[in-house]
Amino acid sequence: MTTYGPLSDEDRIFTNLYGRHDWRLKGAMQRGHWYKTKEIILKGSDWIIEEIKKSGLRGRGGAGFPSGMKWSFMNKPSDGRPKYLVINADEGEPGTCKDREIMRHDPHTLIEGCLIAGKAMGANAAYIYIRGEFYNEASNMQLAIKEAYEAGLLGKNACGTGFNFDVYIHRGAGAYICGEETALIESIEGKQGKPRLKPPFPADIGLFGCPTTVTNVETVAVSPTICRRGGDWFASFGRERNRGTKLFNISGHVNNPCTVEEEMSIPMRDLIERHAGGVIGGWDNLLAVIPGGSSTPLLPKDICSTVLMDFDALVQVNSGLGTAALIVMSRSADVVNCISRLIKFYEHESCGQCTPCREGCRWLGQIMTRFGK
């Protein structure tokens, strides 16, 4: 039987997740970032996309769409319009804070990833849309971008390759709905952050009416290491269709809440006991776990004991990997009250355009209140 995890230190992509080292350009380069970036860009967009496809990387923002395929939608002859890469750093899902750690402690992984992903798509600019509450993260990102420009890694003739690429920071204003890709685009354009009707999709008509790919922070940040080490290296982790390494958040009733990089398909129990110090009161005190951020259905203890942490395994038990943010509940938790509290969040953050969400969240809240009584 194949076992997954633990991940060895030499296989970790995010080498400063806990902020123990220098996050600036000099420290990032000492840890291997920006190494062979020029060579990667000169190999061309088709080679980059092929490596991403070979790696089996799937979107790390929740949907799990194959990244190589998504990037290839933009890699076609230009019709004269500019192309844009938009990074969704509007991390507002309760229990989720993985992208925050990347921007705060390892910003150059994201900036280098923007350059490589931009080259793959034929884009000449990236907009990083950062949640309004992330002040320190936005400050670190802005400083890291400034360093990259001064070192000739961004801007005209980026990395000495003849490829021009700019990166811009755009701050949000605290609306959860702006995490939806078309609402995020509307917000960058200066409009109210409300989702658009699809089609047309952003890959055809996106930011400023131009072809756009909206992708997650972690998805882009792992791409330079995949290109350096090879898609086959990344694909050696995890199960078929669930490849690579993954950032997991573990919070709730555990002894050591944390964010950790681990191999995909690691058993949930191993993940919690190895990195989060186990459930408070021991595994027998576990009641349920929300496995992928507050949008995913919770799992009872008997399933948690054996389930693997990947896209397919969690779908098979009627939940989902989502953002891979585990919220652990011990027997001391009132599940009805917890779910009721999460529903209040969604009711408050609804943009109000669609009836099921606008009316449904309010009705769900009332139903859960009656359950509580």
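Letter by letter, the sequence shown follows residues 5 to 377 of the working numbering.
Every residue gets a Cβ at the ideal spot worked out from N, C-alpha and C, and that includes glycine.
Because the structure is a prediction, the values reported are computed rather than measured.
Return the first residue and the last residue of the alpha helix (DSSP H) that residue i is part of.
{"i": "His352", "result": "339–353"}
{"i": "Ser227", "result": "227–233"}
{"i": "Tyr153", "result": "139–154"}
{"i": "Gly319", "result": "Going by the sequence as given, residue 319 is Val instead of Gly. Start and end: 315–320."}
{"i": "Met125", "result": "111–125"}
{"i": "Ala187", "result": "185–192"}
{"i": "Thr219", "result": "That residue, Thr219, is in no alpha helix (DSSP H); its beta strand (DSSP E) goes 216–220."}
Quick one: grab the DSSP three-state call for residue i.
{"i": "Asn253", "result": "strand"}
{"i": "Arg175", "result": "strand"}
{"i": "Gly286", "result": "coil"}
{"i": "Arg35", "result": "coil"}
{"i": "Met272", "result": "helix"}
{"i": "Phe167", "result": "coil"}
{"i": "Gly296", "result": "coil"}
{"i": "Glu265", "result": "strand"}
{"i": "Ile56", "result": "helix"}
{"i": "Leu211", "result": "helix"}
{"i": "Tyr180", "result": "helix"}
{"i": "Thr310", "result": "coil"}
{"i": "Arg243", "result": "strand"}
{"i": "Ala67", "result": "coil"}
{"i": "Leu325", "result": "coil"}
{"i": "Arg108", "result": "helix"}
{"i": "Arg278", "result": "helix"}
{"i": "Gly159", "result": "strand"}
{"i": "Ile44", "result": "helix"}
Quick one: residues in its chain with C-beta nearer than 7 Å to the C-beta of residue i, no 5 flanking neighbours on either side, listed in chain order?
{"i": "Gly178", "result": "Gly136, Glu137"}
{"i": "Pro304", "result": "Ala292"}
{"i": "Lys348", "result": "Gly369"}
{"i": "Met372", "result": "Val340, Ile343, Ser344, Ile347"}
Can you list, in chain order, the residues of its chain with a C-beta nearer than 8 Å to that of residue i? Leave out the 5 residues immediately preceding and following it.
{"i": "Lys42", "result": "Cys163, Gly164, Thr165"}
{"i": "His352", "result": "none"}
{"i": "Val311", "result": "Pro271, Met272, Pro295, Leu303, Ala317, Leu318, Val321"}
{"i": "Ile134", "result": "Ala93, Asp94, Met107, Glu141, Ala142, Met145, Ile173, His174, Arg175, Gly176"}
Count the other C-beta atoms from every protein chain shown that fall within 10 angstroms of the C-beta of residue i, then say buried if there are 16 or more, exposed otherwise.
{"i": "Trp367", "result": "exposed"}
{"i": "Trp287", "result": "exposed"}
{"i": "Val332", "result": "buried"}
{"i": "Lys102", "result": "buried"}
{"i": "Glu116", "result": "buried"}
What are the start and end residues of the beta strand (DSSP E) that includes residue i?
{"i": "Glu363", "result": "Counting along the chain, Glu363 falls outside any beta strand (DSSP E), though it belongs to the alpha helix (DSSP H) covering 359–376."}
{"i": "Met78", "result": "Here Met78 belongs to no beta strand (DSSP E), and DSSP marks it neither H nor E."}
{"i": "Ile134", "result": "129–134"}
Pairing CB atoms from the stretch 75–83 with CB atoms from the stretch 247–255, are three or more of them under 8 Å? no
Would you say the stretch 109–127 touches the stretch 222–242, given that touching needs at least three Cβ pairs under 8 Å? yes
Is the stretch 270–277 close to the stretch 90–108, with three or more CB pairs under 8 Å? Touching, no.
Quick test of the definition: if touching needs 3 or more C-beta pairs under 8 Å, does the stretch 258–265 touch the stretch 24–44? No: fewer than three Cβ pairs fall under 8 Å.
Give a yes or no on contact between the stretch 105–120 and the stretch 17–27, applying the rule of three or more CB pairs nearer than 8 Å. yes
At least three beta-carbon pairs within less than 8 Å, the stretch 84–92 to the stretch 185–195: A contact exists between the stretch 84–92 and the stretch 185–195.
Could you tell me whether the stretch 54–61 touches the stretch 238–245, where touching means 3 or more Cβ pairs closer than 8 Å? The stretch 54–61 makes contact with the stretch 238–245; the number of CB pairs closer than 8 Å reaches 3 or more.
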